[in-house]
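Asker: Just so you know, the sequences run in chain order R and W. 1179 is the number of the first residue of the first sequence in our numbering; add one for each residue after it. 219 is the number of the first residue of the second sequence in our numbering; add one for each residue after it.
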Amino acid sequence: MSLFDRFQQLAAARQTLLGDGAVPFGVVVEKVLSATEAIVDGRPTILAGTNNYLGLTFDPACLEAARGALLEQGTGTTGSRMANGTFAGHAALEQELSDFFGRRSTIVFSAGYLANLGILSTVPGPDDVVLIDADCHASIYDGCRLGSAEVVRFRHNSVTDLDKRLRRLGARSRRAMIVVEGLYSMLGDRAPLAEIAALTRHHGASLLVDEAHSLGVLGEQGRGLAEEAGVEDAVDFVVGTFSKSLGTIGGFCASDHPELELVRYACRPYVFTASPSPSVVASARAALVALRAGAGLRRRLWDNAHHLYGRLRDLGLALGPEVSPIVAVLMASPEQGIAAWRALLARGVYVNLVLPPAAPTGGCLLRCSLSAAHTRDQIEAVAEAFRSLAASGAAR
Amino acid sequence: MATYEDVLAQTCEVLARFAKGQPLTEGTRLLADLGLDSVQAMEILLEAEERFDISIPLNVLPSVRTVGDLARRVQQLVDRA
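(1) Evaluate Q1556 of chain R with the Cβ neighbour count: other Cβ atoms within 10 Å of its Cβ, from every protein chain shown; 16 or more gives buried, anything less gives exposed.
(2) If I'm right that N277 of chain W touches E1328 of chain R with Cβ under 8 Å, what's the distance once you round it to whole angstroms?
(3) Is it true that the stretch 1214-1223 of chain R meets the stretch 1440-1447 of chain R, where meeting means three or more beta-carbon pairs spaced less than 8 Å apart?
(4) For M260 of chain W, does the three-state DSSP call read helix, strand or coil?
(5) Counting Cβ pairs closer than 8 Å, one from the stretch 1360-1373 of chain R and one from the stretch 1317-1333 of chain R, do we hit at least three?
(6) Classify K1147 of chain R: buried if its beta carbon has 16 or more other beta carbons within 10 angstroms, exposed otherwise.
(7) For R1491 of chain R and A1213 of chain R, I'd like the C-alpha separation in whole angstroms.
(8) Taking DSSP as the reference, what is the three-state secondary structure of N1294 of chain R?
(9) Taking only beta-carbon positions, decide if V1330 of chain R is within less than 8 Å of chain W.
(10) Show which residues of chain W have a CB atom less than 7 Å away from the CB atom of G1540 of chain R.
(11) Whole angstroms are fine: how far does the CA of V1205 of chain R sit from the CA of L248 of chain W?
(12) Show which residues of chain R have a CB atom less than 7 Å away from the CB atom of A250 of chain W.
(13) With a threshold of 16 other CB atoms inside 10 Å of the CB of E1215 of chain R, please say whether the residue is buried or exposed.
(14) Among R:V1467, R:A1369, R:E1389, which residue has its Cα nearest to the Cα of D1277 of chain R?
(15) Taking the runs of the alpha helix (DSSP H) that are 4 residues or longer, which of them lie wholly in the stretch 1222-1288 of chain R?
(16) Please check the pair A1226 of chain R and V1560 of chain R, which I expect to be a contact at CB under 8 Å, by giving their CB distance rounded to whole angstroms.
(17) Pick out whichever of R:A1372, R:S1180, R:A1550, R:F1185 has its Cα sitting closest to the Cα of R1476 of chain R.
(18) Less than 7 Å between C-beta atoms, sequence neighbours within five positions excluded: which residues of the same chain meet that for P1370 of chain R?
(19) Have a look at N1530 of chain R and R1545 of chain R and give me their C-alpha separation to the nearest angstrom.
(20) Helix, strand or coil for N1530 of chain R? Go by DSSP, reduced to three states.
(21) I'd like to know if L276 of chain W contacts chain R, where contact means its C-beta is closer than 8 Å to some C-beta of that chain.
(22) Flag S273 of chain W as yes if its beta-carbon sits less than 8 Å from any beta-carbon of chain R, otherwise no.
(23) Assuming the contact rule is C-beta atoms closer than 8 Å, L1385 of chain R and L1232 of chain R should be a hit. Round their C-beta distance to whole Å, please.
(24) Answer yes or no: does any C-beta atom of chain R fall closer than 8 Å to that of A237 of chain W?
(25) Is the Cβ of A266 of chain W closer than 8 Å to any Cβ of chain R?
(26) Since E1215 of chain R sits in a beta bridge, which residues does DSSP pair it with?
(27) Select from R:H1484, R:A1510, R:A1483 the residue whose C-alpha is nearest the C-alpha of A1496 of chain R.
(28) Give me, in chain order, the residues of the same chain whose beta-carbon lies closer than 7 Å to that of G253 of chain W; leave out the 5 immediate sequence neighbours on both sides.
(29) Please confirm whether D1388 of chain R and N1294 of chain R have their CB atoms less than 8 Å apart.
(30) With a floor of 3 residues, list each beta strand (DSSP E) that falls wholly inside the stretch 1435-1514 of chain R, ordered by position along the chain.
(31) Determine, using beta carbons only, whether S1461 of chain R and A1244 of chain R come nearer to each other than 8 Å.
(32) Do D297 of chain W and A250 of chain W count as a contact pair if the criterion is CB distance below 8 Å?
(33) Whose C-beta lies closer than 7 Å to the C-beta of A1270 of chain R among residues of the same chain, with five residues either side of it excluded?
(34) Between which residues of its own chain and A1465 of chain R is the CB-CB distance below 8 Å, once the five residues before and five after are set aside?
(35) Counting only Cβ-Cβ distances shorter than 7 Å, please list the residues of the stretch 1516-1536 of chain R near chain W, keeping chain order.
(36) Report the residue from R:T1451, R:Q1514, R:Y1448 whose alpha carbon sits nearest the alpha carbon of L1195 of chain R.
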């Protein structure tokens, strides 16, 4: 028996599925050309799987802000805010997020993953129950594992199943935290948030909404699904990330609960992580300004989403359940998915390959994510690549 | 109060579909003997939850290795409900 014996099963599965061809999880982006194009394997490649929803990674104001902070404040903070202190930019970003969401306070984390890890491991305690949608992101599951609360899954987007589980808790439902996402990252479907908010109120529970994929994407002002559904008042904790619509890295939690400020002292993923570097904070702040003025960006994003979804639906491909900037193409098998992914890359289109168990329902899918920065020609090129696949029988 | 034997029998009924004809005993290991993957394990939990009208917390899963472990956990949750 050796330390790595259990990895042999993984090695065998990898060999069986991937053989010696291009490894989907090892793509090297050799040169980034723009928010939507890069050189991969020596070829110009359309990036259609990067969650760069508003296309802000090359926004001039964001670049300028990052450059200025880099030159003035250096490359990093070299430690936690608890140890090294808070930079003015951290505090300003937290205030600006609080203003944007109309919340009392906000904590900024060094990654979106850490925001979920931090809040879910710290806020619910040993006598509490966390009810999570089955399709929630790994960071939500991992946050629960790190914490001490009882953790119960409910069927994806099933208000009936959630209600049943809250009823089973009886009086304990008042100590329950319900966790859902604005847009689910794999299939791009929304949570039925108005119904879930009503259920939360009815049972006296708390509600956390992870707007990672819906920030800047949903709602007239871009605040996410809670804004779109008109239930922001019913949401106790808004979690989000800077690594999608805001085009950098980091995460946050905003809330009206005054105790959120105390969470900083007890939250290990906050206390024991180096704080975001000045250039990251500066570009996040500039991107938030762009997002707030970004009605035009959102319109372009949704135009692109409707266009690609419609083109792929017309090809007869099996897609996720609703139009969204995440367009998931369901594959018949992992083998078909890998072959299709490789064929797309060879045609200069990069999408995400999602294999079991990461894909909901245990299936395999090719996940496209759209950007406001995609041109109509790029969307057509992506659709054309899928058409070639469908014509050759490489996609169902 | 549900008896352990009754819960065990019903748990085996839930698992039968995933056992591919293998005989199920208290000592049958869910992963090592039945070769369940994580998706199948979650399906089994959902079926057991429906049948017994309980919610099985994810926290208990690391300590569930055998059919008997699962039946004992289910019995505890049924009794607590």
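Even for Gly, the Cβ is constructed at its ideal location relative to N, Cα and C. It should be emphasised that the depicted structure is a prediction, and the values quoted were computed from it without experimental measurement.
Answerer: On the basis of the coordinates in this document:
(1) Against the first sequence, residue 1556 of chain R aligns to sequence position 378. Counting Cβ neighbours within 10 Å, Q1556 of chain R comes out buried, since at least 16 surround it.
(2) By 1-based counting over the second sequence, the position of residue 277 of chain W is 59. By 1-based counting over the first sequence, the position of residue 1328 of chain R is 150. Yes, they are in contact, since the Cβ atoms of N277 of chain W and E1328 of chain R sit about 6 Å apart, within 8 Å.
(3) no
(4) Mapped onto the second sequence, residue 260 of chain W falls at position 42. It is helical.
(5) no
(6) Here chain R has residues from 1179 to 1574 only, and residue 1147 of chain R is not among them.
(7) On the first sequence, position 313 is the one that residue 1491 of chain R refers to. On the first sequence, position 35 is the one that residue 1213 of chain R refers to. So the two alpha carbons sit approximately 26 Å from each other.
(8) Your numbering for residue 1294 of chain R matches position 116 in the first sequence. Looking at N1294 of chain R - three-state DSSP - the assignment turns out to be helix.
(9) Position 152 of the first sequence, counting from 1, holds the residue named residue 1330 of chain R. In terms of beta-carbon proximity, V1330 of chain R lines the interface with chain W, with at least one pair separated by less than 8 Å.
(10) Taking the first residue of the first sequence as 1, we reach residue 1540 of chain R at position 362. Simply V257.
(11) Taking the first residue of the second sequence as position 1, residue 248 of chain W is located at position 30. Taking the first residue of the first sequence as position 1, residue 1205 of chain R is located at position 27. Their backbone Cα atoms lie some 36 Å apart in a straight line.
(12) Counting from 1 along the second sequence, the entry for residue 250 of chain W is found at position 32. Under the 7 Å cutoff, chain R gives no residues; its nearest Cβ is about 12 Å from A250 of chain W.
(13) Here residue 1215 of chain R corresponds to residue number 37 of the first sequence, with the count starting at 1. E1215 of chain R should be labelled buried.
(14) Locating residue 1277 of chain R in the first sequence gives position 99, where the first residue counts as 1. Here the closest residue by C-alpha is R:V1467.
(15) 1238-1251, 1259-1262, 1266-1279
(16) Mapped onto the first sequence, residue 1226 of chain R falls at position 48. Mapped onto the first sequence, residue 1560 of chain R falls at position 382. Right, their Cβ atoms sit about 5 Å apart.
(17) As a first step, residue 1476 of chain R is located in the first sequence; it is residue number 298 there, counting from the start. Answer by Cα proximity: R:A1550.
(18) Taking the first sequence and counting its residues from 1, the one referred to as residue 1370 of chain R is at position 192. Non-local beta-carbon contacts of P1370 of chain R in its own chain, meaning distances under 7 Å to residues more than five positions away in sequence, involve N1335, V1337 in chain order.
(19) Reading the first sequence from its first residue, position 352 is the one you call residue 1530 of chain R. Reading the first sequence from its first residue, position 367 is the one you call residue 1545 of chain R. Distance between the alpha carbons of N1530 of chain R and R1545 of chain R is about 5 Å.
(20) The sequence position of residue 1530 of chain R within the first sequence is 352, counting from 1. Note: N1530 of chain R maps to strand in three-state DSSP.
(21) Counting from 1 along the second sequence, the entry for residue 276 of chain W is found at position 58. True, the Cβ-Cβ gap to chain R drops below 8 Å.
(22) Here residue 273 of chain W refers to the residue found at position 55 when the second sequence is read from its first residue. S273 of chain W counts as touching chain R.
(23) Residue numbering aside, residue 1385 of chain R sits at position 207 when the first sequence is read from its first letter. Residue numbering aside, residue 1232 of chain R sits at position 54 when the first sequence is read from its first letter. Not confirmed; about 26 Å, so no contact.
(24) The sequence position of residue 237 of chain W within the second sequence is 19, counting from 1. So, not an interface residue.
(25) Locating residue 266 of chain W in the second sequence gives position 48, where the first residue counts as 1. At a cut-off of 8 Å between beta-carbon atoms, A266 of chain W makes no contact with chain R.
(26) Against the first sequence, residue 1215 of chain R aligns to sequence position 37. E1215 of chain R pairs with R:S1212, R:I1224.
(27) Reading the first sequence from its first residue, position 318 is the one you call residue 1496 of chain R. Closest option to A1496 of chain R, Cα to Cα, is R:A1510.
(28) Counting from one through the second sequence, the residue named residue 253 of chain W turns up at place 35. Counting only Cβ-Cβ distances below 7 Å, and skipping sequence neighbours, we find nothing.
(29) Position 210 of the first sequence, counted from the first residue, corresponds to residue 1388 of chain R. Position 116 of the first sequence, counted from the first residue, corresponds to residue 1294 of chain R. Closer than 8 Å, so yes.
(30) 1504-1509
(31) As a first step, residue 1461 of chain R is located in the first sequence; it is residue number 283 there, counting from the start. As a first step, residue 1244 of chain R is located in the first sequence; it is residue number 66 there, counting from the start. Yes, the Cβ-Cβ distance between S1461 of chain R and A1244 of chain R is below 8 Å.
(32) Mapped onto the second sequence, residue 250 of chain W falls at position 32. Mapped onto the second sequence, residue 297 of chain W falls at position 79. No, they are not a contact pair.
(33) The count along the first sequence starts at 1 and reaches residue 1270 of chain R at position 92. So the list reads R1463, once near-sequence residues are dropped.
(34) Translated into the one-based positions of the first sequence, residue 1465 of chain R becomes position 287. Here the set comprises L1232, L1234, D1237, C1240, F1420, S1423, L1424, G1425, T1426.
(35) P1534, P1535
(36) One-based indexing of the first sequence puts residue 1195 of chain R at position 17. Residue nearest to L1195 of chain R within the set R:T1451, R:Q1514, R:Y1448 is R:Q1514 (criterion: CA-CA distance).
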